[in-house]
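Under the working numbering, think of the first position of the sequence shown as 1163, with each following residue one higher. Idealized CB from N, CA, C, for every residue including glycine. Small disclaimer: the values here were computed from a predicted structure and weren't measured.
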Amino acid sequence: MKGLLLPLLALALAPRALAQDGAERVLFDCEGGFDLGGVEARDVRLSLVPFDSGQALRLDAGHAQAWPGITLKPAGAPLDLSPYAYLKLDVRNVGQRAGTCALRVDNPGANGRDHCVQVGLGLQPGETRTITAELSQLGIRFSEPTEFIGMRGVPGSPGTFDATNVTQLLVFVPRPQEDHSFVIDNVRVGGRVRTVEPDAFFPFIDEFGQFAHADWPGKTHSVEELRARAAEEEADLAAHPGPAGWDEYGGWAAGPQLEATGAFRTEKVEGKWWLVDPNGRLFWSHGIDCVGLGGAVTPITDRRHYFAALPEGGDALAAFYDKGSWAPHGYYRGKGEYETFNFTAANARRRHGEQFEAVCFDLAHRRLRSWGMNTIGNWSDGRISGQQRTPYTTTVWFRAPEIEGSEGYWGRFPDPFHPDFAANLGRALREWQADSAADPWNIGYFV
């Protein structure tokens, strides 16, 4: 394994000197006397193969294990990769079917969620791509410990990962159902990490709700840009109104004509189950959840210093302040009521004026159809789905006993076998019957 361990060891001894220019540095490649016997493999057959102008490592992965792959460990002490913004490797799918290849960079105690950075890429047969693991969010590191609250990811550090203490790299195929083959090469680190003073970093969210310390194609810089893009979008929607082969519900207008019942239903057609729209046409539901103007509602209590230009009390945009209290996890859990600001609605008001809601509701239907979508998914604004222009799903809310000992991100799992489950659900369905059950645009309910 000499070809792997010696370059890694050299980098571990002097990473800061190497990283000053931000240039990429190879951690290992497969040239020379690379020892396959030193690579820890799980349900993987390894071989060295020609790759571009050199040599690379081929992984023929089975599917007897959930995570077939290899582990690459440095010689001696863990690596300090903190001067680098990313770790990359090149991968080619040399198998006969599409598959996903994943890379994980570990600290001690890594479990796939904590103390690691994990990323995967899907590749078609013959496709070559580069997998990039971000070692530093946004390429920055703070000069002193800096607290961020109410965020799932924070600038500077990817969660609980510590770039100063990298113990191993894993390359694997996640939960394959069939065999896959990949070639990997050129594992490298690079990118310059800037040291940032916290006082200079805050505020870091601009007036439109965007990250303030970077630029990118499509970023909004002014209200004038927002309005110009509205005009551009109108032209695009006019040029691309949606699939020509759909009926008004988004069903297959030229497909089989089944009984038109005036409501959505399921039916087995030529041995396959289908949704059928009210006109009796086959319907493939394709849509988006959470259609509405609440996508960027964010708490501001205890963190106003994050935001550069929240509106003052007399501003028309002050209408988008509100209160929240639901917080099943994270910083705001158990803290009671907190203040919020709705950047989605505020930007819509900036873009479309006082009648922004009517404009945005109309746009929602036209956008979905233009994008080839025919369903408003769950947790969407009922004022939009109620316009009867796009089929939708909605939710029947009810309480049920929970399974003791169960756990999950949103809480414990309801017990569907408890007698109260069916009784409470039936009661809720009867209450909803007058609301949307008779609407022909309603596909069905989440419970």
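- DSSP, read as helix, strand or coil, puts G1588 in helix.
- Linking S1215 to S1209 through their CA atoms gives a straight-line distance of about 17 Å.
- Each residue's CA atom was taken as its position, placing A1237 and F1363 some 38 Å apart.
- In the displayed model, N1348 falls within a strand according to three-state DSSP.
- In the structure shown, D1484 falls within a strand segment according to DSSP collapsed to helix, strand and coil.
- Taking a cut-off of 8 Å for Cβ pairs, the stretch 1263-1282 and the stretch 1293-1309 touch, as three or more such pairs fall below it.
- Secondary structure in the stretch 1497-1523: the alpha helix (DSSP H) runs of 4 residues or longer, each lying completely within the stretch, are 1505-1514 in chain order.
- Scanning F1323, I1565, G1498 for the CA closest to the CA of R1275 turns up F1323.
- Spatial neighbours of G1457 in its own chain (CB-CB distance under 6 Å, excluding positions within 5 residues in sequence) are listed in chain order as T1506.
- Distance between R1427 and N1604, taken at the CA atoms: about 10 Å.
- Per DSSP, the beta bridge partners of Q1217 are P1212.
- Taking one beta carbon from each stretch, the stretch 1304-1314 and the stretch 1348-1360 have 3 or more pairs nearer than 8 Å; the two touch.
- Distances from the CA of S1598 to each of H1580, W1572, K1250, Q1550 were compared; the closest alpha carbon is that of Q1550.
- Between the stretch 1403-1414 and the stretch 1528-1548 there are three or more inter-stretch CB-CB distances shorter than 8 Å, so the stretches are counted as touching.
- Across the structure, F1445 and K1235 are spaced so that their CA atoms are roughly 51 Å apart.
- K1434 has V1431 as its beta-bridge partners, per DSSP.
- A direct Cα-Cα distance of roughly 49 Å separates E1519 from G1271.
- Look at H1491 here: in three-state DSSP terms it is coil, with no helix or strand label.
- Taking 8 Å as the cut-off, the Cβ atoms of I1232 and V1206 count as close.
- Here the C-alpha atom of E1289 lies approximately 40 Å from the C-alpha atom of T1460.
- Rounded to whole angstroms, the Cβ separation of A1218 and I1311 is 44 Å, and the two are not in contact under 8 Å.
- Shown here for H1514: same chain residues with a beta carbon closer than 6 Å to its own, the five before and five after excluded, namely V1521 in chain order.
- Of the other Cβ atoms in all chains shown, 16 or more fall within 10 Å of the Cβ of H1342; this residue is therefore buried.
- When secondary structure is reduced to three states using DSSP, F1445 falls in the strand class.
- The three-state reading of DSSP puts V1459 in strand, counting E and B together.
- Assigned with DSSP and collapsed to three states, L1297 falls in coil, not helix or strand.
- In this structure, the straight-line span from the alpha carbon of V1609 to that of G1486 is close to 24 Å.
- In this structure, Y1246 places its C-beta atom within 8 Å of the C-beta atom of V1351.
- By the criterion of at least three beta-carbon pairs nearer than 8 Å, the stretch 1417-1427 is not in contact with the stretch 1382-1402.
- The residues V1459, F1482, in chain order, have a CB closer than 6 Å to that of N1504 in the same chain once the five nearest residues on each side in sequence are set aside.
- No residue range can be given for I1565, since it is assigned to no beta strand (DSSP E) and is classified by DSSP as neither H nor E.
- Going by DSSP, D1252 is part of no alpha helix (DSSP H) but of the beta strand (DSSP E) stretching over 1246-1255.
- The C-beta separation of A1223 from P1338 comes to about 7 Å, placing the pair in contact by the 8 Å criterion.
- Around the CB of C1452, fewer than 16 other CB atoms lie within 10 Å, so the residue is classed as exposed.
- Taking C-beta atoms as the reference points, E1564 and D1577 count as a pair closer than 8 Å.
- Contact between P1320 and Q1286 is ruled out by a C-beta separation of about 28 Å, above the 8 Å threshold.
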